[in-house]
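In the working numbering, the protein residues as written are 2 to 102. All residues carry an ideal CB built from backbone N, CA and C; glycine is no exception.
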Amino acid sequence: HENATVEINGVQKTRHEVLHDFDKTLKSPTDLTGLIKCAKFSKTFDSNHKKLEVHVHDDIAKEFEAICHFLVQSGAQCKIGQAPRSGLEQESEELLDKLQQ
């Protein structure tokens, strides 16, 4: 839910407030140095999709969760964990995803 709140330093804030406050702290892209440990785009089996893998520092975990929430609302798929290794495992994952919705 877009207006769901998260707690940061003992204060409840909406995801919009979290992103707004985080944005105010950034003056240049170099401010993210050390906060984003790794970010990588790669191709997927489906040529219409790309994979973005991001590892962030614990200090911005709540902010990153808010960013992921809005990416998913825009049509992205959030997948956590190791990718399936075979076609059968991929079909199983898709079936489980549909059952969870």
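Between the alpha carbons of residue i and residue j, how many angstroms are there, rounded?
| i | j | result |
| --- | --- | --- |
| Pro30 | Leu36 | 11 Å |
| Ser87 | Glu94 | 11 Å |
| Phe46 | Leu89 | 14 Å |
| Leu97 | Gln91 | 10 Å |
| Gln83 | Lys99 | 19 Å |
| Ser75 | Ser48 | 19 Å |
| Phe23 | Gln102 | 31 Å |
| Asp60 | Lys44 | 29 Å |
| Cys69 | Lys51 | 15 Å |
| Glu8 | Lys28 | 24 Å |
Determine whether the beta carbon atoms of residue i and residue j lie at a separation below 8 Å.
| i | j | result |
| --- | --- | --- |
| Val19 | Lys63 | yes |
| Cys80 | His58 | Going by the sequence as given, residue 80 is Lys instead of Cys. No. Outside cutoff. |
Take the Cβ of residue i as the centre, count every other Cβ of all protein chains shown within 10 Å, and call the residue buried at 16 or more, exposed below.
| i | result |
| --- | --- |
| Phe42 | exposed |
| Ala77 | exposed |
| Phe65 | buried |
| His21 | exposed |
In the DSSP assignment, what residue or residues form a beta bridge with residue i?
| i | result |
| --- | --- |
| Lys52 | Ser43 |
| Ile37 | Thr34 and Val57 |
| Lys14 | Val7 |
Can you find the residues in the same chain that come closer than 8 Å, C-beta to C-beta, to residue i, ignoring five residues on each side of it along the sequence?
| i | result |
| --- | --- |
| Ala40 | Leu53, Glu54, Val55 and His56 |
Going by beta carbon distance, what residues of the same chain come within less than 7 Å of residue i, once the five residues before and after it are set aside?
| i | result |
| --- | --- |
| Thr6 | Gln13, Lys14 and Thr15 |
Which same chain residues, not among the five before or five after residue i, have their C-beta less than 6 Å away from its C-beta?
| i | result |
| --- | --- |
| Leu33 | none |
| Val73 | Cys79 |
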